[in-house]
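J.: What follows is a single structure, and I will ask about it in a moment.
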Ligand SMILES: [Mn+2]
């Protein structure tokens, strides 16, 4: 059973949190394996943090499969006061159980994918080597299985009225939540937009033979049913083919792509346009229902030095927050989000770090702004 917050507040006998549990929003947080040390159960929650430790196809640097765990560690340090939502800690935000089995599958498949990539880099052709072709098939099937599982879980969570914030993992992990939303919205005859922060356009048809590469997530999304628009922010490292796709989709009436390349945003800023004005323009490209897909590398890399494919340039964290606040103030509804490609500095991660500290704050801000549009 799922109780709305409206009901919660209407009750005269309002129960302060301290009477419900030992949770103290101003005190030291207990490391309880839940994001931000919050006390809420999945069943009662309205917002769900969904960790997906998956980075099978990342090409440059591994580690984003440790993102969910490292952000969890960092999340215990985040303080709860938030200017956007009063008493945000009372919002029932729960953590989906950590999928240990998928982390194990990730480890095995990543090893296979790595050996296949080494083969490619040495000039090998999979069509001439059945063993390598088998490895590629196995990796692709493993990725499909992961995405089917995530989609199914998201479908159930969304159907029960919860808003999902997925925590990757590489960018391919955004597939499940966006597909589940696409299914729901197209079934109801409604449309949604995707606001996409990234240094990369992620519009490759496939990458290195991987059908579900982190570099092709938006190629899948652009064809999802019910998509009103895909609006990309901060893109600054993309292939000529990807730009050709953008140009082709720019003029469509629905399911269109609008890309704010980093150089265009910088040009506006350097010629004196306020970020607020730019945000109004971006907002106009989005429909009433907005999903946020946030690759941490869309930000200036000083916020994410350990991410898999850092690129100089990018936007400030506060610019991203201001943009989302602009959408919210214009009455757009945030229907879900993901934060991907957060990685600790080493693959042997065993503690918190700067990237994850930033990630935890992004996660809390996303939850807060989502909450603001739920009530
Ligand atoms: Mn990226």
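Residue numbers (my numbering): 3 to 377.
C-beta: ideal position from N, C-alpha, C; glycine also.
Predicted, not measured: the structure shown is a model, and the values here were computed from it.
Leaving out five residues on either side along the sequence, give the residues of the same chain with a beta carbon under 7 Å from the beta carbon of residue 244.
T.: Residue numbering aside, residue 244 sits at position 242 when the chain shown is read from its first letter. Cβ neighbours of residue 244 beyond the five flanking positions: 203, 205, 206.
J.: Quick one: what does DSSP say residue 207 is sitting in, helix, strand or coil?
T.: Here residue 207 is taken as the residue at index 205 of the chain shown, counted from 1. In this structure, residue 207 counts as coil in the three-state DSSP scheme.
J.: Tell me the DSSP secondary structure of residue 261 in three-state form.
T.: On the chain shown, residue 261 is found 259 positions in, with the first residue counted as 1. It is a strand residue.
J.: Quick one: residues in its chain with C-beta nearer than 7 Å to the C-beta of residue 90, no 5 flanking neighbours on either side, listed in chain order?
T.: Within the chain shown, numbered from 1, the residue matching residue 90 stands at position 88. Cβ neighbours of residue 90 beyond the five flanking positions: 82, 84, 370, 373.
J.: Entirely within the region 167-207 and at least 4 residues each: give me those alpha helix (DSSP H) ranges in chain order.
T.: Here the runs fully enclosed are 177-189.
J.: Using beta-carbon positions only, say whether residue 340 and residue 159 come within less than 9 Å of one another.
T.: As a working mapping, residue 340 is identified with position 338 in the chain shown. As a working mapping, residue 159 is identified with position 157 in the chain shown. Against a cut-off of 9 Å, the Cβ pair of residue 159 and residue 340 comes out as no contact.
J.: Shortest alpha-carbon distance to residue 361 belongs to which of 32, 251, 73?
T.: Taking the first residue of the chain shown as position 1, residue 361 is located at position 359. Of 32, 251, 73, the residue nearest in Cα terms is 73.
J.: Per DSSP, what kind of secondary structure is residue 97 in: helix, strand or coil?
T.: The sequence position of residue 97 within the chain shown is 95, counting from 1. Strand.
J.: Apply the 10 Å Cβ neighbour rule to residue 94 and answer buried if 16 or more other Cβ atoms are within range, or exposed otherwise.
T.: Within the chain shown, numbered from 1, the residue matching residue 94 stands at position 92. Answer is buried; the Cβ neighbour count reaches 16.
J.: Residue 183 to residue 251, Cα distance in whole Å?
T.: In the chain shown, residue 183 corresponds to position 181, counting from 1. In the chain shown, residue 251 corresponds to position 249, counting from 1. Rounded to the nearest angstrom, the two C-alpha atoms are 21 Å apart.
J.: Is the closest heavy atom of ligand 1 to the C-beta of residue 264 under 8 Å?
T.: Position 262 of the chain shown, counted from the start, is the residue given in the question as residue 264. For ligand 1, not one heavy atom lies less than 8 Å from the Cβ of residue 264.
J.: For the candidate residues 274, 170, 335, 297, whose alpha-carbon lies nearest to that of residue 51?
T.: Taking the first residue of the chain shown as 1, we reach residue 51 at position 49. It is 170.
J.: Kindly indicate which residue of 59, 165, 333, 337 has the alpha-carbon position closest to the one of residue 44.
T.: What you label residue 44 is simply residue 42 of the chain shown in a count that begins at 1. Here the closest residue by C-alpha is 165.
J.: Could you give the uninterrupted runs of the beta strand (DSSP E) lying entirely in the region 23-55, keeping only those of 3 residues or more?
T.: With a minimum length of 3 residues, the continuous beta strand (DSSP E) runs that stay inside the region 23-55 are 49-54.
J.: I need the boundaries of the beta strand (DSSP E) containing residue 361, first residue and last residue.
T.: Translated into positions along the chain shown, residue 361 becomes position 359. Run containing residue 361: none in the beta strand (DSSP E); it sits in the alpha helix (DSSP H), 356-376.
J.: Given 8 Å as the limit, is there contact between the region 172-180 and the region 139-150, that is, 3 or more CB pairs closer than that?
T.: Touching, yes.
J.: Using 8 Å as the cut-off, classify the Cβ of residue 343 as near or not near the heavy atoms of ligand 1, replying yes or no.
T.: Against the chain shown, residue 343 aligns to sequence position 341. Result yes, Cβ under 8 Å from ligand 1.
J.: Hey, residue 231 and residue 257: beta-carbon distance below 9 Å or not?
T.: For this step, residue 231 is matched to residue 229 along the chain shown. For this step, residue 257 is matched to residue 255 along the chain shown. Yes. Within cutoff.
J.: From 108, 260, 123, pick the residue whose C-alpha is nearest to that of residue 143; which is it?
T.: Within the chain shown, residue 143 is the residue found at index 141, counting from 1. Residue 108 is the option with its Cα nearest to residue 143.
J.: Check this for me: beta carbons of residue 315 and residue 236, under 9 Å apart or not?
T.: Sequence index remark: in the chain shown, residue 315 carries index 313 (1-based). Sequence index remark: in the chain shown, residue 236 carries index 234 (1-based). In this structure, residue 236 lies closer than 9 Å to residue 315 by Cβ.
J.: Tell me which same chain residues have a C-beta within less than 6 Å of the C-beta of residue 101, skipping the five on either side of it?
T.: Within the chain shown, residue 101 is the residue found at index 99, counting from 1. Excluding positions up to five away in sequence, the list is empty.
J.: Given residue 194, which residues of its chain have a CB within under 8 Å of its CB, disregarding the five upstream and five downstream residues?
T.: Residue 194 sits at position 192 when you count from the first residue of the chain shown. Counting only Cβ-Cβ distances below 8 Å, and skipping sequence neighbours, we find 183, 184, 187, 228, 229, 230, 289, 291, 292, 293, 337.
J.: Regarding residue 299 and ligand 1, is the C-beta to nearest heavy atom distance less than 8 Å?
T.: The residue you call residue 299 lines up with position 297 of the chain shown. Yes, Cβ of residue 299 sits closer than 8 Å to a heavy atom of ligand 1.
J.: As a quick exercise: from 285, 331, 300, 286, pick the residue whose alpha carbon is nearest that of residue 264.
T.: For the purposes of this step, residue 264 is identified with residue 262 of the chain shown, where counting begins at 1. If we check each option's Cα against that of residue 264, 300 comes out closest.
J.: Taking the beta strand (DSSP E) that residue 293 falls in, what are its first and last residues?
T.: Counting from one through the chain shown, the residue named residue 293 turns up at place 291. Note, residue 293: beta strand (DSSP E), 291-297.
J.: Under 9 Å, do residue 68 and residue 346 count as touching if we go by C-beta distance?
T.: If you number the chain shown from 1, residue 68 lands on position 66. If you number the chain shown from 1, residue 346 lands on position 344. Closer than 9 Å, so yes.
J.: Alpha carbon to alpha carbon, how far is residue 200 from residue 376? Give it in angstroms, no decimals.
T.: Counting from 1 along the chain shown, the entry for residue 376 is found at position 374. Counting from 1 along the chain shown, the entry for residue 200 is found at position 198. For residue 376 and residue 200, the distance between alpha carbons rounds to 26 Å.
J.: How big is the Cα-Cα spacing for residue 13 and residue 79?
T.: Indexing the chain shown from 1 puts residue 13 at position 11. Indexing the chain shown from 1 puts residue 79 at position 77. Confidence in residue 13 is poor, its pLDDT being 37 and thus under 50, which makes the residue's placement unreliable; the coordinate value appears in the next sentence. So the two alpha carbons sit approximately 31 Å from each other.
J.: Measuring only the C-alpha atoms, how far is residue 317 from residue 302?
T.: The residue labelled residue 317 in the question sits at position 315 within the chain shown. The residue labelled residue 302 in the question sits at position 300 within the chain shown. So the two alpha carbons sit approximately 5 Å from each other.
J.: Could you have a look at residue 147 and say whether DSSP puts it in helix, strand or coil?
T.: Your numbering for residue 147 matches position 145 in the chain shown. DSSP places residue 147 in helix when its eight states are reduced to three.
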